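These protein sequences, in sequence, are chains S and G. Its first residue numbered 1, the first sequence is counted upward by one per residue in this note's numbering. Its first residue numbered 159, the second sequence is counted upward by one per residue in this note's numbering. Below: the structure, in structure tokens.
2 protein chains.
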Amino acid sequence: MSCSIARSLEEVGEWWTLLVVRDAFFGITRFEEFQERLGIARNVLATRLQTLVEAGVLDRRCYDEARGRYDYVLTDKGKALWPVLVTIRQWGDQWVVGQGREAIAMVHTGCGEPTTGVLTCDRCGERLKPRDVRVLAGPGLDDPDLLPRSARPAPGPG
Amino acid sequence: MSCSIARSLEEVGEWWTLLVVRDAFFGITRFEEFQERLGIARNVLATRLQTLVEAGVLDRRCYDEARGRYDYVLTDKGKALWPVLVTIRQWGDQWVVGQGREAIAMVHTGCGEPTTGVLTCDRCGERLKPRDVRVLAGPGLDDPDLLPRSARPAPGPG
């Protein structure tokens, strides 16, 4: 599939995988701590961490050679998942957990205010909404049927 | 779990689920079309659609009572997933598929330029980056250990 949503989900769409990434953003680096926080079986966690290392999302660094202990830290590819985590948390706060029951809040240190991240256009700075964008075929499109109907070439006359 | 990332993933973290939502944004509404685009077994798709209807992400509307046919359309809760899809697609374009191989591109009709959505602070409009935000306990936090160490109350002296 050329769709990068589909291909991204193959790497990070599995439930526990994104929670491991969440905890890595919270500063967790060690197997025992991930295990305690996530409450999953050790062999399952070991597989998840290995998957994330192979995908280049986490880097495995030895911190105790004698005991064969490792830290797991976010790579640049892993750090780039931050907007995904923020948008999914905000969606959950609003639509699943509900306002007033959020587990965490973010403060923007730049302005000192509680903040919600909003998607804006990197060119003009306006907020982006689905109705304000048009989807076009990209260079890697191998199946034109992937596109919404409105973005496909118009059929010829007749 | 009070974490809304975890609770969101229970609703939409499963691989096919978000692809169904992607196609719904592309204007797909009918079972046969989802099935053709996603190439999954009919019983699997039926279960996924049912899950999304139960979660309130899709609404099921009868369009042919005689034949018992339905349209599946995004609810407001479903439409609110748009920033999640955009951020995960953009991550995949950059880190999985690679620049120059994107399947689709977005044009912002407001400014007419190809656009990448960036997360900005809803208060001051500055771009948000992980190092620019501080995480605090929210009203619904039932487990202080969920927070990153830096955000937990400092231990007392001694």
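Each residue gets a CB set at the ideal place from its N, CA and C atoms; glycine is no exception. All values reported here derive from a predicted model rather than from experimental measurement.
Start and end of the beta strand (DSSP E) containing residue i?
i                      : result
residue 107 of chain S : 104–108
I want to verify the contact list: residues of chain S whose CB lies under 9 Å from the CB of residue i, in sequence order.
i                      : result
residue 302 of chain G : Going along chain S, no residue has its Cβ under 9 Å from residue 302 of chain G, so there is no contact; the nearest lies around 10 Å.
residue 169 of chain G : 92, 95, 96
residue 180 of chain G : 3, 5, 6
Do residue i and residue j have their C-beta atoms closer together than 8 Å?
i                      : j                      : result
residue 286 of chain G : residue 104 of chain S : no
residue 252 of chain G : residue 55 of chain S  : no
residue 281 of chain G : residue 10 of chain S  : no
residue 275 of chain G : residue 120 of chain S : yes
residue 26 of chain S  : residue 241 of chain G : no
residue 207 of chain G : residue 216 of chain G : yes
residue 166 of chain G : residue 28 of chain S  : no
residue 178 of chain G : residue 210 of chain G : yes
residue 196 of chain G : residue 5 of chain S   : no
Using the beta-carbon count (16 or more within 10 Å), is residue i buried or exposed?
i                      : result
residue 302 of chain G : exposed
residue 15 of chain S  : exposed
residue 296 of chain G : buried
residue 72 of chain S  : buried
residue 170 of chain G : buried
residue 226 of chain G : exposed
residue 236 of chain G : buried
residue 304 of chain G : buried
residue 41 of chain S  : exposed
Helix, strand or coil: which one does DSSP assign to residue i?
i                      : result
residue 60 of chain S  : strand
residue 188 of chain G : strand
residue 75 of chain S  : coil
residue 295 of chain G : strand
residue 38 of chain S  : helix
residue 277 of chain G : strand
residue 114 of chain S : strand
residue 18 of chain S  : helix
residue 285 of chain G : strand
residue 304 of chain G : helix
residue 48 of chain S  : helix
What does residue i touch in chain S if you count any residue whose Cβ is under 8 Å from its own?
i                      : result
residue 280 of chain G : 115, 116, 117, 118
residue 212 of chain G : Near residue 212 of chain G there are no residues of chain S at all, since even the closest Cβ is about 13 Å away, more than 8 Å.
residue 238 of chain G : 91, 94, 95
residue 267 of chain G : 132, 133, 134
Report the neighbours of residue i on chain G: residues whose CB is nearer than 7 Å to its CB, in chain order.
i                      : result
residue 6 of chain S   : 177
residue 25 of chain S  : 288
residue 87 of chain S  : 241, 242, 245
residue 102 of chain S : 162, 296, 297, 298
Would you mind telling me which residues of chain G sit closer than 8 Å to residue i, beta carbon to beta carbon, in chain order?
i                      : result
residue 58 of chain S  : The premise fails here: residue 58 of chain S is roughly 13 Å from chain G at the closest Cβ pair, so nothing lies under 8 Å.
residue 147 of chain S : 184, 262
residue 37 of chain S  : 303, 304
residue 126 of chain S : 266, 268, 269
In chain S, which residues lie with their C-beta within 7 Å of the C-beta of residue i?
i                      : result
residue 207 of chain G : Per Cβ cutoff of 7 Å: no residues; residue 207 of chain G is ~18 Å from chain S at best.
residue 371 of chain G : Because residue 371 of chain G is not part of the residues shown, which for chain G are 159 to 316, the question remains open.
Can you list the residues of chain G that residue i reaches, using a CB-CB cut of under 9 Å?
i                     : result
residue 65 of chain S : In chain order: nothing, as chain G lies at least about 25 Å away.
Check for me: the alpha helix (DSSP H) holding residue i runs from which residue to which?
i                     : result
residue 91 of chain S : 82–92
residue 7 of chain S  : 4–12
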